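K.L.:
Below are the structure tokens for one structure; questions will follow.
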Amino acid sequence: MRLPKTDLHVHLDGSLRLSTLIDLAKSRKVALPSQTEDGLLDQVFRERYRDLPEYLEGFRYTVAVLQDAEALERATFEMCEDAQAEGVRYIEIRFAPQLHVRPSFELADVVRAVDRGIRRAADAFNRRPQVASGSEPPFAAGMILCALRFFSPEFSSGYRRFFEAMPMAPAAEVYAAASLEVARAAARLKAEGLLVVGIDLAGQERGYPAEDHRAAYQVAHEAFLGKTVHAGEDYGPESIFQAIGDLHADRLGHGTWLFDETKIHDPKIADRRRYVEDLAEFVADKRITIEVCLTSNQQTVPELAGDLRKHPFGEMRRRRLSTTFCTDNRLVSRTTVSREISRAVEAFDLKPREVRDILIYGFKRCFYPGTYLEKRAYVRRVIDFADGLMATESAR
């Protein structure tokens, strides 16, 4: 599929090349369950997982090898190359920088390493004659810095220092302090000219409400950063409302349980059906984009495992919500944007024009690292290229 694509929800530490993971593990003295790609696919990065904890197991290996600037820059560069190879022309790489912090390698150093990887990949791609001549749209990318709803001192030395600095504080305040640091770093590094375009809140939703991170998102809001939130992935409509109401989310990561009234837990919500309808109408009317990750959801949500047609993407389309296809994790979910599109076409009988419109909306709703007029010009270039491809195809 040659149509230009975006990937607005993809985690750096979940998207390494297997060969790179093995190579970095050897040079960084990180023990892996297997030293072969087939062995890792069989033992760690499976097609199917029992549950979310098993899905997350692979991250302890990928994060362990991404603890220095060289590894982060390399992984970022290769991730961009892999995306470019399948027609992705805009990508927003998200990562939790505090997972990679260690003594003498601080949060800003982490972000700068990823920034260098993006710029190297973009410069190399955009020097190609067909891009330089204007016949194809260029490759562009941004970074989304992730805060975590929950972490423990064992996650990294970066997180451990928050517990050490706040030994008497409730855990929620520790999490909030860490997210505030992420937001402040995002604002400052964006102002310095790095490709930081937004912040995200990731991690377990149940028991770790979005409202605890209001201060961080207010900093991001005041810095005019994009705001996305993992919401409705492992909790219900209330979590989605919190992301929108408490954190001013422009986009939602997953939004899987948006329509499921049985997953509402607040006893004060008497009319659950009305709550879901009003929430869905609000999301639709405000064009709050949902970053749909079909394969990832099937791997972590037992209810969806057997039949992709059960995924709420079909209902999102029926209600004309703003959606975009994303990989979540290219390695952990063993997928690509092209594969996500193909699976959606098969499961939901999408027509070529529908696919084109969804892909274009990814460009329109991205947190582009430039001015509004620059973004408009970029999106117009993408639209013209996509329509030209479709016209050529239909003429055959």
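Counting in this note's numbering, the sequence shown runs from 5 upward without gaps. Think of the CB as a built atom: it goes at the ideal place given N, C-alpha and C, for glycine as much as any other residue. Given the structure is predicted, the values throughout are model-derived calculations rather than measurements.
Residues in the same chain with beta-carbon distance under 6 Å from Y239, minus the five sequence neighbours each way, listed in chain order, please.
P.N.:
E209, R210
K.L.:
Of all the alpha helix (DSSP H) runs that stay within the bounds of the stretch 354-390, which reach a length of 4 or more residues?
P.N.:
356-368
K.L.:
Span of the alpha helix (DSSP H) holding Y94?
P.N.:
Here Y94 belongs to no alpha helix (DSSP H); instead the beta strand (DSSP E) covers 92-99.
K.L.:
Applying the 10 Å Cβ sphere with the 16-neighbour rule, what's the burial state of K9?
P.N.:
Around the beta carbon of K9, a 10 Å sphere encloses 16 or more other beta carbons of the protein chains shown; the residue is thus reported as buried.
K.L.:
Per DSSP, what kind of secondary structure is A284 in: helix, strand or coil?
P.N.:
Shown here, A284 sits in a helix according to DSSP, grouped into three states.
K.L.:
Counting only runs of 4+ residues fully inside the stretch 221-253, write out the alpha helix (DSSP H) ranges in chain order.
P.N.:
Those alpha helix (DSSP H) runs which fall completely within the stretch 221-253 and span 4+ residues are 241-249.
K.L.:
Check for me: the alpha helix (DSSP H) holding R255 runs from which residue to which?
P.N.:
No alpha helix (DSSP H) contains R255, which is instead part of the beta strand (DSSP E) from 255-258.
K.L.:
Between S161 and G249, what straight-line distance do the alpha-carbon atoms span, to the nearest angstrom?
P.N.:
32 Å
K.L.:
What residue range is occupied by the uninterrupted beta strand (DSSP E) comprising L205?
P.N.:
200-206
K.L.:
Per DSSP, A151 forms a beta bridge with which residues?
P.N.:
Paired residue(s): L205.
K.L.:
If distances are taken between C-alpha atoms only, which option among E237, A117, D254, E177 comes closest to A206?
P.N.:
E237
K.L.:
List the residues that DSSP assigns as beta-bridge partners of V296.
P.N.:
F329
K.L.:
From E285 to G257, what distance separates their C-alpha atoms?
P.N.:
CA-to-CA, the gap between E285 and G257 works out to about 18 Å.
K.L.:
Go ahead and pull the three-state DSSP assignment for R3.
P.N.:
No information on residue 3 is available, as it lies outside the stretch 5 to 400 that the chain covers here.
K.L.:
Mind reading off the beta-carbon distance from L393 to L7? Whole number of angstroms is fine, and I expect it under 8 Å.
P.N.:
6 Å
K.L.:
What does the alpha-carbon distance come out to for the pair R153 and A182?
P.N.:
10 Å
K.L.:
Looking at the unbroken alpha helix (DSSP H) that takes in L12, where does it start and where does it end?
P.N.:
Not the alpha helix (DSSP H): L12 falls in the beta strand (DSSP E), residues 9-15.
K.L.:
Quick check: the Cα distance between L335 and R322, rounded to an integer number of angstroms?
P.N.:
31 Å
K.L.:
Skipping 5 residues on each side, what residues in its chain have a beta carbon closer than 7 Å to that of I244?
P.N.:
Cβ within range, chain order: A235, G236, L256, G259, L262, L283.
K.L.:
Look at the alpha carbon of E350 and the alpha carbon of A112, and state the distance between them as a whole number of angstroms.
P.N.:
43 Å
K.L.:
Identify every residue that forms a DSSP beta bridge with G146.
P.N.:
E96
K.L.:
Classify P37 as helix, strand or coil using the three-state DSSP reduction.
P.N.:
coil
K.L.:
Tell me the DSSP secondary structure of H315 in three-state form.
P.N.:
coil
K.L.:
Suppose you measure from the CA of V287 to the CA of D264; what does that come to, to the nearest Å?
P.N.:
Note on geometry: alpha-carbon atoms of V287 and D264 lie some 15 Å from one another.
K.L.:
Return the first residue and the last residue of the alpha helix (DSSP H) that D264 is part of.
P.N.:
Here D264 belongs to no alpha helix (DSSP H), and DSSP marks it neither H nor E.
K.L.:
If contacts are defined as beta-carbon pairs under 8 Å, then K370 and E96 qualify, I think. What distance do you get, rounded to the angstrom?
P.N.:
Per the sequence presented here, residue 370 reads as Cys, with Lys not at that position. Going by Cβ atoms, the distance from C370 to E96 rounds to 6 Å, so yes, they are a contact pair.
K.L.:
Assuming L25 is part of the alpha helix (DSSP H), what are its boundary residues?
P.N.:
22-32
K.L.:
Tell me where the alpha helix (DSSP H) around V305 begins and ends.
P.N.:
Neither: V305 is in no alpha helix (DSSP H) and is coded neither H nor E.
K.L.:
Please classify K33: is it buried, with 16 or more other beta-carbons within 10 angstroms of its beta-carbon, or exposed?
P.N.:
exposed
K.L.:
Give every residue of the same chain whose Cβ lies closer than 8 Å to the Cβ of Y365, excluding the five residues on either side of it in the sequence, and list them in chain order.
P.N.:
T293, S326, T327, T328
K.L.:
Can you round the beta-carbon distance between G121 and F81 to whole angstroms, since I take them to be within the 8 Å contact cut?
P.N.:
With a Cβ gap of about 4 Å, G121 and F81 count as contacting.
K.L.:
Mind checking whether L312 and E344 have CB atoms under 7 Å apart?
P.N.:
Against a cut-off of 7 Å, the Cβ pair of E344 and L312 comes out as no contact.
K.L.:
Whose C-alpha, out of V386, A173, Q39, is nearest the C-alpha of G138?
P.N.:
V386
K.L.:
If T304 sits next to Y65, beta carbons under 8 Å apart, how far is it from one beta carbon to the other, in whole angstroms?
P.N.:
The pair is not a contact, with the Cβ atoms about 18 Å apart (cut-off 8 Å).
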